[in-house]
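S.K.: Just so we're aligned: the sequence shown equals residues 40 to 393 in the working numbering. C-beta atoms are modelled at their ideal positions from N, C-alpha and C, and glycine is treated no differently.
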Amino acid sequence: MTFTDDSIQLRNYLFSKIENKDTPELNKLYNKLNNLKLYDITIEKVPFIVSNNNKEIQHNKYIQEEVKLEINKLKENISFILKINNSKIQVNVYYNNEDLYVFICHLINYIQYIFSLVDQKNKPIIINYYLLDKKKIIKSNIPNNNEINSGSCTTKDDSIIINIWRKEEILKVTLHELIHALKLDRYNDTNDIINHYRIRYNVSSYVMNTHEAYTELWANLLNCYLISQKTNHNNKGLFIKLVLFEKCFSDFQANKIFFHTNLDKKEIININKNTNVLAYFIIRNELYNRLPLFLDFCFKNNDNYIKLKNKEKWLQFLKENKKLKRNNKKFNNSNKQSFHFKTLRMSINESKVF
């Protein structure tokens, strides 16, 4: 098992030494994930060439024009179909001069695992990967889609289309978008929860999409589990350590958002004017601060831990989170050109697949 250079660099910066903090809830989650029976998966070639100049990309509001131009420069592609349980997933990978073997092996493992968590018939899913070396780097006071988003999921009448356009965090983003595709996180915000967060953090945004915090946290947890299975030594201990890394990194990134945006100061800001900043970084960190209670909630109220069932109970759980307080200590004297200062990635643990 090898981690990416960015993952190693961030861990070296943030953690000189970290001790495992085991909890009954993390143990219970690990045992549940580890005892999951995987459905059989088959792989078929796609008997035609798929163009990378698709309408989904051209009209995708989360992808900026410069990224669309880069996508059109990708000259090679490979396509295959995965069949698992009652689901069909077509994977299209667009790239230039990449060795894809390790990536595809990991990808099949990730897809097989998340589809084994649910027993339901799904629309056919198409996942388009555009392998671009574009990292999520903060440039604006209020981050935009080019600084934060890596993927999108769109439901059509006859299929579900996922587009992922960065190599950075590619496997974790796959989990995130498949949680959307499988409707494991599906609910709409009420006016009550929207107003709760508008008042709590002094923001003017009328769109919160709080489900994105739930989705990203579960993508983190599943990614930690799947990485932990790539070693032959103390898998559970590694899983718990990786989750702790993610919790600490979430603290760091949430404080970064406070620092850059002046969130929760006297001036009201539209934090979500470009994308779901509050859910991705702030609300998710609220949940990390109650991780044992979050896991206990999911165990008692969800289907198979991960599929939300009771919207009313969940929204009440969100309201019981404690408000975050800003802590600029790590940023006031930080090198403003350093990777750890500029990155807006949402996970710290990443296997090296390219």
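Distance, Cα to Cα, L260 vs E186?
M.R.: Position 221 of the sequence shown holds residue 260. Position 147 of the sequence shown holds residue 186. Cα to Cα, the separation comes out at about 23 Å.
S.K.: Could you say which of E109, L146, I147 lies nearest to Y134 if we only look at CA atoms?
M.R.: Within the sequence shown, numbered from 1, the residue matching residue 134 stands at position 95. Comparing Cα positions, the closest option is E109.
S.K.: What's the gap between the Cα of K391 and the Cα of I117?
M.R.: Taking the sequence shown and counting its residues from 1, the one referred to as residue 391 is at position 352. Taking the sequence shown and counting its residues from 1, the one referred to as residue 117 is at position 78. C-alpha separation (whole angstroms): 20 Å.
S.K.: Does the distance from the C-beta atom of L170 to that of I209 stay below 9 Å?
M.R.: Locating residue 170 in the sequence shown gives position 131, where the first residue counts as 1. Locating residue 209 in the sequence shown gives position 170, where the first residue counts as 1. It is a contact, given that the beta carbons lie within the stated cut-off.
S.K.: On the DSSP bridge list, what partners appear for N374?
M.R.: Start at 1 with the first residue of the sequence shown, and residue 374 comes out as number 335. The partner list for N374 (beta bridge, DSSP) is empty, contrary to what the question assumes.
S.K.: Do F154 and I176 have their CB atoms nearer than 9 Å?
M.R.: Numbered from its first residue, the sequence shown carries residue 154 at position 115. Numbered from its first residue, the sequence shown carries residue 176 at position 137. The answer is no: Cβ separation not under 9 Å.
S.K.: I'd like to know whether the C-beta atoms of Y152 and T314 end up nearer to each other than 9 Å.
M.R.: Residue 152 sits at position 113 when you count from the first residue of the sequence shown. Residue 314 sits at position 275 when you count from the first residue of the sequence shown. Not in contact: Y152 and T314 (Cβ atoms no closer than 9 Å).
S.K.: Below 8 Å, how does it come out for the segment 333 to 349 and the segment 274 to 288: are there three or more Cβ pairs, yes or no?
M.R.: No, the segment 333 to 349 is not in contact with the segment 274 to 288.
S.K.: Can you find the residues in the same chain that come closer than 6 Å, C-beta to C-beta, to V132, ignoring five residues on each side of it along the sequence?
M.R.: The count along the sequence shown starts at 1 and reaches residue 132 at position 93. The answer, listed in chain order, is I117, Y168.
S.K.: Compare the C-beta of D231 against all C-beta atoms of chain C and say whether one is closer than 9 Å.
M.R.: Among the chains of the structure shown, chain C does not appear; only one protein chain is present.
S.K.: Given that a residue counts as buried once 16 or more other Cβ atoms are within 10 Å of its Cβ, and exposed if not, what is T272?
M.R.: To locate residue 272, count along the sequence shown from 1; it is residue 233. It should be pointed out that residue 272 corresponds to His in this sequence rather than to Thr. Classification of H272: exposed, given that the 10 Å Cβ count is below 16.
S.K.: Kindly list the residues whose CB is nearer than 6 Å to the CB of P163, restricted to its own chain and excluding five residues on each side of it in sequence; keep chain order.
M.R.: The residue given as residue 163 occupies position 124 in the sequence shown. Only K127, S198 meet the Cβ criterion.
S.K.: Counting Cβ pairs closer than 8 Å, one from the segment 71 to 88 and one from the segment 299 to 310, do we hit at least three?
M.R.: The segment 71 to 88, when compared against the segment 299 to 310, does not touch it at the 8 Å Cβ threshold.
S.K.: Taking 8 Å as the cut-off, does the segment 221 to 234 touch the segment 245 to 255 (at least 3 CB pairs, one atom from each stretch)?
M.R.: Result yes; three or more Cβ-Cβ pairs closer than 8 Å.
S.K.: Quick one: grab the DSSP three-state call for S155.
M.R.: Sequence index remark: in the sequence shown, residue 155 carries index 116 (1-based). Helix.
S.K.: Inspect the beta-carbon positions of Y319 and K286 and report whether they are closer than 9 Å.
M.R.: The residue you call residue 319 lines up with position 280 of the sequence shown. The residue you call residue 286 lines up with position 247 of the sequence shown. No. Outside cutoff.
S.K.: Going by C-alpha to C-alpha distance, which of K206, I200, I96, V157 sits closest to K174?
M.R.: The sequence position of residue 174 within the sequence shown is 135, counting from 1. K174 has its Cα closest to that of K206, out of K206, I200, I96, V157.
S.K.: Note the first and the last residue of the continuous beta strand (DSSP E) segment covering V394.
M.R.: An answer regarding residue 394 cannot be provided, because it is not within the stretch 40 to 393 covered by the chain.
S.K.: Mapping DSSP to helix, strand and coil, what is F356?
M.R.: The sequence position of residue 356 within the sequence shown is 317, counting from 1. DSSP places F356 in helix when its eight states are reduced to three.
S.K.: Give me whichever residues DSSP pairs with L121 in a beta bridge.
M.R.: Position 82 of the sequence shown holds residue 121. BP columns for L121 point to I82, I128.
S.K.: State the start and end residues of the unbroken alpha helix (DSSP H) segment that holds T300.
M.R.: Translated into positions along the sequence shown, residue 300 becomes position 261. Per DSSP, T300 belongs to the alpha helix (DSSP H) from 274 to 300.
S.K.: Given I308, which residues of its chain have a CB within under 8 Å of its CB, disregarding the five upstream and five downstream residues?
M.R.: For the purposes of this step, residue 308 is taken as the residue at position 269 of the sequence shown. Hits under 8 Å: I181, N241, V242, S243, T300, N301, L302.
S.K.: Suppose contacts are defined by Cβ-Cβ distances below 9 Å. Is E389 in contact with K361 by that definition?
M.R.: Residue mapping note: residue 389 aligns to position 350 of the sequence shown, counting from 1. Residue mapping note: residue 361 aligns to position 322 of the sequence shown, counting from 1. No; because the gap between Cβ atoms is not below 9 Å, this pair is not in contact.
S.K.: Below 8 Å on the Cβ atoms is my guess for E95 versus N202; work out the distance and round it to an integer in Å.
M.R.: Here residue 95 refers to the residue found at position 56 of the sequence shown. Here residue 202 refers to the residue found at position 163 of the sequence shown. Indeed, because the Cβ distance is near 6 Å, the residues count as touching under 8 Å.
S.K.: Per the DSSP calculation, E115 is bridged to which residue(s)?
M.R.: Counted from its first residue, the sequence shown places residue 115 at position 76. Looking at the DSSP assignment, E115 forms a beta bridge with Y134.
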